[in-house]
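All remarks here apply to the structure that follows.
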Amino acid sequence: MTNDAQPEEHGQALLPAVNSYTEWDPLREVVVGSLLGGVFPDWQDSMVHVVPDAARPVFQELGGSPLPAGHLKAAEEELEGLVEVLEAHGIQVVRPDAAEHQAPFRTPHWSSAAGLYAGMPRDLLMVVGDAIVEAPMSWRCRHHEVDAFRSLIKSYFRRGARWLPAPRPQLTDELYRTGGDAGDWAVTEFEPVFDAADFLRFGRDLIVQRSHVTNEFGIDWLRRALGPDFGVTVVDTDDPHAMHIDATIAPLAPGKLLVHPERYVPHEIFDGWEILPAPEPTLPHDWPMYFCSPWVSMNVLSLDPETVVVESQEQPLIDALTGWGFRCVPVDFRHVYSFGGSFHCVTLDTVREGGPARYLSRPGARDPRPSHAEQEP
Ligand SMILES: NC(=[NH2+])NCCC[C@H](N)C(=O)O
781 MTNDAQPEEH GQALLPAVNS YTEWDPLREV VVGSLLGGVF PDWQDSMVHV VPDAARPVFQ
841 ELGGSPLPAG HLKAAEEELE GLVEVLEAHG IQVVRPDAAE HQAPFRTPHW SSAAGLYAGM
901 PRDLLMVVGD AIVEAPMSWR CRHHEVDAFR SLIKSYFRRG ARWLPAPRPQ LTDELYRTGG
961 DAGDWAVTEF EPVFDAADFL RFGRDLIVQR SHVTNEFGID WLRRALGPDF GVTVVDTDDP
1021 HAMHIDATIA PLAPGKLLVH PERYVPHEIF DGWEILPAPE PTLPHDWPMY FCSPWVSMNV
1081 LSLDPETVVV ESQEQPLIDA LTGWGFRCVP VDFRHVYSFG GSFHCVTLDT VREGGPARYL
1141 SRPGARDPRP SHAEQEP
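Below, the structure written as structure tokens:
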């Protein structure tokens, strides 16, 4: 495992340093996050919409404190296990730099008691073709999360990748909606914000959900930054805690969509795709889950259109995927679940085979809404 792999090292076909257009093409290189030194996030009221109820007092009381050492150590060992499995499949694995997540920081407008971790690159970064996009994340504690990945991004840039950092968000109080009606989003249209994990890539089309961390302004910014070669379509989901689409929809191969049976809302863009409802997760009800729901069971990672990395104890999902014709690669990951995600969340696929093909039913699909987000009154 090196942090400076050369494209020609990817085996038979020469591929650019960064090349990834879908969630399923054969994987050649991937970033795997690290939870080392991770801390509980400094509480912001906007988190109330997405943090599991049981975790709220923990965040409010322990914001900025280290994540529980024993559980974190087990999670880091599971991440190492994932790295070994990926390398055994001939996939190049690169990791982020160590970072001082406990360090407090401030801007002229606000301060944060600490950062968070470098465990979920999917939330922060997105690869679209040969471009690495840095997301303007709305949680203040994540404002410097990219620092742990910057040496990797600079290395990819030096080897020919495009680098698209979104406008650095101000994250002033005007961005956050406190209180309001149940249907209101936690973030206003004050400035462009999104988490990269609210998007999924289908070749020339991306889909995205509006969420408590992704606003229309952010979706508009990305649509314009990617230009006319890519369509960006907003799809609805039925998740009151909406943050990150990859535990609601998981494209596994061309025409095969794994979905959360309640959160998934049918959309014409998936016409012709086989919709595969994920079975109930098997996580014990008393398992510590600080950041997300047990439905991260469906947050799988495709190594190629036939092969999927699945949590080893999610037997109903393994059986279902096997029945749908996939080869499942089981990896222990329940301790990682506790800190916010699973295989798709903790990875960033920087090199996959394949190119900008069309897979969705409205070629060049675009959201018919106006080309810019209306400003909030
Ligand atoms: N990229 C991620 N961290 N995805 C995690 C999605 C978790 C989702 N909000 C849930 O609670 O089910």
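Residue numbering for the sequence shown is 781 to 1157, as defined by the numbering used here. Glycine included, each C-beta is placed from N, C-alpha and C at the ideal position.
*Taking the C-alpha atoms as reference points, what is the distance between histidine 851 and isoleucine 871?*
In the sequence shown, residue 851 corresponds to position 71, counting from 1. In the sequence shown, residue 871 corresponds to position 91, counting from 1. Approximately 27 Å between the Cα atoms of the pair.
_alanine 797 to proline 837 span [Cα, whole Å]_ = Against the sequence shown, residue 797 aligns to sequence position 17. Against the sequence shown, residue 837 aligns to sequence position 57. In a straight line, the C-alpha of alanine 797 is about 43 Å away from that of proline 837.
*Please work out which residues of its chain come closer than 6 Å, Cβ to Cβ, to tyrosine 1139, disregarding the five sequence neighbours upstream and downstream, and give them in chain order.*
Looking up residue 1139 in the sequence shown gives position 359. Taking C-beta separations shorter than 6 Å and ignoring five residues to either side along the sequence, the partners of tyrosine 1139 in its chain run Phe982, Gly983 and Pro1034, following chain order.
*Under a three-way DSSP split, which group does glutamate 1091 fall into?*
By one-based count along the sequence shown, residue 1091 stands at place 311. Three-state result, glutamate 1091: strand.
*Excluding sequence positions up to five away, which residues of its chain have a Cβ less than 7 Å from the Cβ of aspartate 1051?*
On the sequence shown, position 271 is the one that residue 1051 refers to. So the list reads Ser1141, once near-sequence residues are dropped.
_Measuring only the C-alpha atoms, how far is leucine 1002 from alanine 946?_
For the purposes of this step, residue 1002 is taken as residue 222 along the sequence shown, with counting starting at 1. For the purposes of this step, residue 946 is taken as residue 166 along the sequence shown, with counting starting at 1. Each residue's Cα considered, the two are about 8 Å apart.
*Look up phenylalanine 979 in the DSSP assignment and give the residues it is bridged to.*
Locating residue 979 in the sequence shown gives position 199, where the first residue counts as 1. Beta-bridge pairing links phenylalanine 979 to Val988.
*Separation of leucine 807 from leucine 1083, as counted between CA atoms*: Looking up residue 1083 in the sequence shown gives position 303. Looking up residue 807 in the sequence shown gives position 27. Their Cα atoms are separated by approximately 5 Å.
*asked:* Tell me which residues share the same chain as aspartate 1018 and place their Cβ nearer than 6 Å to its Cβ, disregarding the 5 neighbours each side in the sequence.
replied: In the sequence shown, residue 1018 corresponds to position 238, counting from 1. Within the same chain, aspartate 1018 has close Cβ partners Arg1043 and Val1045.
*Inspect the beta-carbon positions of histidine 1040 and alanine 977 and report whether they are closer than 8 Å.*
Start at 1 with the first residue of the sequence shown, and residue 1040 comes out as number 260. Start at 1 with the first residue of the sequence shown, and residue 977 comes out as number 197. Taking 8 Å as the cut-off, the Cβ atoms of histidine 1040 and alanine 977 do not count as close.
*asked:* Looking at ligand 1, does it come within less than 7 Å of serine 845, judged from the CB to the closest heavy atom?
replied: Translated into the one-based positions of the sequence shown, residue 845 becomes position 65. No, ligand 1 has no heavy atom inside 7 Å of this Cβ.
*For glutamate 954, decide whether its Cβ has a neighbour in chain C, counting only Cβ atoms nearer than 8 Å.*
Looking at the structure shown, chain C is missing, and only one protein chain is on hand.
*From Pro848, Ile933 and Ala911, residue whose alpha carbon lies closest to that of tyrosine 801*: Taking the first residue of the sequence shown as 1, we reach residue 801 at position 21. The shortest C-alpha to C-alpha distance from tyrosine 801 to any of Pro848, Ile933 and Ala911 is the one to Ala911.
*So arginine 1003 is in the alpha helix (DSSP H); what residue range does that whole segment cover?*
If you number the sequence shown from 1, residue 1003 lands on position 223. 996-1006 is the span of the alpha helix (DSSP H), which, as asked, contains arginine 1003.
*What's the gap between the Cα of proline 1157 and the Cα of valine 1116?*
Counting from 1 along the sequence shown, the entry for residue 1157 is found at position 377. Counting from 1 along the sequence shown, the entry for residue 1116 is found at position 336. In this predicted model, proline 1157 has a pLDDT of only 40, less than 50, meaning its place in the structure is not dependable enough to derive any value.
*Could you check what DSSP says for aspartate 903 in three-state terms: helix, strand or coil?*
Taking the first residue of the sequence shown as position 1, residue 903 is located at position 123. Correct three-state label for aspartate 903: helix.
*Where does the unbroken alpha helix (DSSP H) through alanine 1033 begin, and where does it stop?*
Taking the sequence shown and counting its residues from 1, the one referred to as residue 1033 is at position 253. Bounds of any alpha helix (DSSP H) do not take in alanine 1033; it lies within the beta strand (DSSP E) bounded by 1029-1033.
_Beta-carbon separation (whole angstroms), isoleucine 933 vs tryptophan 943, contact threshold 8 Å_ = Along the sequence shown, one-based indexing puts residue 933 at 153. Along the sequence shown, one-based indexing puts residue 943 at 163. Between tryptophan 943 and isoleucine 933 the Cβ distance is about 6 Å, and since that is below 8 Å, they are a contact.
*Rounded to whole angstroms, what's the CA-CA distance from aspartate 825 to glutamine 1093? Just pull it up for me.*
Position 45 of the sequence shown, counting from 1, holds the residue named residue 825. Position 313 of the sequence shown, counting from 1, holds the residue named residue 1093. Their backbone Cα atoms lie some 34 Å apart in a straight line.
*In terms of residue numbering, what span does the beta strand (DSSP E) encompassing glutamine 872 cover?*
Counting from one through the sequence shown, the residue named residue 872 turns up at place 92. Here the beta strand (DSSP E) through glutamine 872 covers 872-874.
*Option in Pro949, Pro901 and Ile1055 with minimal Cα separation from alanine 928*: Taking the sequence shown and counting its residues from 1, one reaches residue 928 at position 148. Of the candidates Pro949, Pro901 and Ile1055, the one whose C-alpha sits nearest the C-alpha of alanine 928 is Pro901.
*asked:* For a test of your reading of the model: does the CB of glycine 1121 fall under 7 Å from any non-hydrogen atom of ligand 1? Yes or no.
replied: Counted from its first residue, the sequence shown places residue 1121 at position 341. Shortest gap from the CB of glycine 1121 to any heavy atom of ligand 1: under 7 Å.
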